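Everything below concerns the one structure shown next.
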Amino acid sequence: MPVKDDKKTGRIFSVGGGKGGVGKSIFSISLGMSLVEKGFKVVIADLDLGTANLHTYIGITKKTPTLADFILKKLSSLDDIIVETSEKNLGLISGAEFVPGMANPAHWMKLKMMRHLKSLTADFVIIDLGAGVHFNTLDFFGISDRGFVVTAPEPGAVMNAYVFIKGAFFRKLQNVFSKHPEIGPLIESEIKKTETEKSFTLEWFSARVREIDPEMLPLIDEIENSFRPALVVNRTTECGTPILVKNLITLCTQKFGITLEYVGNLPDVRTITHYLLNLPKFYDTPHGRPFFDSVRHIVDRLDIPGDELKDIEDLRDDFSDEEIEELIGFIETLDDSVFEGTSKKLLQLRMYFKPSDVLNFLIGRGITHDLFYI
Ligand SMILES: Nc1ncnc2c1ncn2[C@@H]1O[C@H](COP(=O)(O)OP(=O)(O)OP(=O)(O)O)[C@@H](O)[C@H]1O
Ligand SMILES: [Mg+2]
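Residue numbers (the numbering used here): 229 to 602.
This is how it looks when you write it as structure tokens:
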């Protein structure tokens, strides 16, 4: 079984959902336990900045390092903050205790956290996000390899899930196109419109991009293909797909071209409340076993064979803003013949959100640069 001992995280999963109290944290822990059971090494990071509570759910009562120590620079690496839990191979990065300003770290700190999360020594990092659609939450959701959206089968929660997915999708578009002189402002102006004023559908957006800069169309296809939130419905009392959830999936597809993959239900289990100070114990109880079986079922649907984990090599996939600018300048100096089959401009824009693809492309054409390597 693949417990890696190298220096990179295999995959980052994030768990969000918009509404408070729908079971995001309980699902994060359950997902972590289920991956550990499969032989993986997992770290759960409590990024519910300001109102973190994952450590209590996992049975940690003593004072441990938290993200506050990292944010306040008392500890320099996220690796130093990982706390061992009662479960072998399940580590925890405890959320920030309340310190003024903690819930809203500066942009550079967010980037630093993302960089450190990506380089943790684990097969999987699971990010438990807070409620709401704050940019921090959406950004962390956006950087993950797979984002889970947890909802409950009731109108308020499903509506919040929709707002969350929409927010995350626009934030992704914003991040990808922010440096484009015309498409960036087009997205900004759509975001500012009210729901009734908005003309946005993916079709509309593609048509506009085709007029403005057709070279950018492959990026839209790429976002459409890669932005595939996994939907988990918690606290269900019946089998099957609740009608509200069916409507949510249809709405996301029609409006934004987003594929929402419905990965499973978790049953409503009253007795879970007796184990909120030590959830791992719950999984071995008569009510806990069927609940945990549902989680296993979800993990099985994710189809994660060990050899699908990212190959570890010396190539970097993470750069500071200055390094990205330097590489974009470097691409500018390259001869047009290098870009046959694609475009220089597209690769330059792609540097902002998928630098590893650009590096692989350039290396494939025999081009290297010192900044490519660790
Ligand atoms: N499947 C379930 N069956 C019964 N109760 C549940 C279930 N899932 C969650 N709960 C209840 O909902 C509460 C909130 O769960 P949890 O803390 O995981 O939600 P959350 O989405 O992380 O909340 P927050 O937005 O505050 O972070 C739990 O304390 C528990 O009482
Ligand atoms: Mg929570």
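Where is the CB? At the ideal position from N, CA and C, for every residue including glycine. Here the structure is a predicted model, which is why all the values come from computation and not from measurement.
Does DSSP put residue i in a helix, in a strand, or in coil?
i: residue 517; result: helix
i: residue 580; result: coil
i: residue 314; result: coil
i: residue 503; result: helix
i: residue 497; result: coil
i: residue 319; result: strand
i: residue 356; result: strand
i: residue 350; result: coil
i: residue 429; result: coil
i: residue 463; result: strand
i: residue 308; result: helix
i: residue 334; result: coil
i: residue 370; result: helix
i: residue 376; result: strand
i: residue 250; result: coil
i: residue 486; result: coil
For ligand 1, I want to know if residue i counts as a neighbour, meaning its beta carbon is within less than 6 Å of at least one of the ligand's heavy atoms.
i: residue 494; result: yes
i: residue 462; result: yes
i: residue 350; result: no
i: residue 497; result: yes
i: residue 334; result: no
i: residue 271; result: no
i: residue 501; result: yes
i: residue 323; result: no
i: residue 389; result: no
Using only the heavy atoms of ligand 2, determine whether one of them is closer than 6 Å to the beta carbon of residue i.
i: residue 573; result: no
i: residue 253; result: yes
i: residue 201; result: There is simply no residue 201 to check, as the chain begins at 229 and stops at 602 in what is shown.
i: residue 276; result: yes
For residue i, which residues of its own chain have a beta-carbon under 7 Å away from its beta-carbon, when the five flanking residues on both sides are left out?
i: residue 260; result: 270, 272, 318, 354
i: residue 503; result: 509, 510
i: residue 615; result: Missing from the structure shown is residue 615; the chain here goes from 229 to 602 and no further.
i: residue 607; result: Absent from the model: residue 607. The displayed extent of the chain is 229 to 602, so no value can be given.
i: residue 252; result: 243, 244, 245, 356, 357, 378
i: residue 604; result: One cannot answer for residue 604 here, as it falls past the ends of the chain, which runs 229 to 602.
Would residue i be called buried (16 or more neighbouring beta carbons within 10 Å of its own) or exposed?
i: residue 467; result: exposed
i: residue 323; result: buried
i: residue 337; result: exposed
i: residue 291; result: exposed
i: residue 399; result: buried
i: residue 365; result: buried
i: residue 457; result: buried
i: residue 597; result: exposed
What residues in its chain sit with their C-beta under 6 Å from that of residue i, if we drop five residues either side in the sequence?
i: residue 262; result: 523, 524, 527
i: residue 444; result: 437
i: residue 401; result: 415
i: residue 452; result: 485
CB-CB under 8 Å to residue i, same chain, minus the five flanking residues each way: which ones, in chain order?
i: residue 536; result: With a pLDDT of 41 at residue 536, under the threshold of 50, the predicted position of this residue should be treated as unreliable, and no value is reported.
i: residue 571; result: 443
Could you tell me how far apart the beta carbons of residue i and residue j are, in whole angstroms, since I believe they sit closer than 8 Å?
i: residue 470; j: residue 583; result: Residue 470 to residue 583, Cβ: 40 Å. No contact.
i: residue 386; j: residue 476; result: 5 Å
i: residue 393; j: residue 488; result: 7 Å
i: residue 343; j: residue 546; result: 5 Å
i: residue 306; j: residue 348; result: 6 Å
i: residue 294; j: residue 310; result: That pair is no contact at about 11 Å.
i: residue 484; j: residue 397; result: 6 Å
i: residue 376; j: residue 241; result: 7 Å
i: residue 495; j: residue 520; result: Not confirmed; about 10 Å, so no contact.
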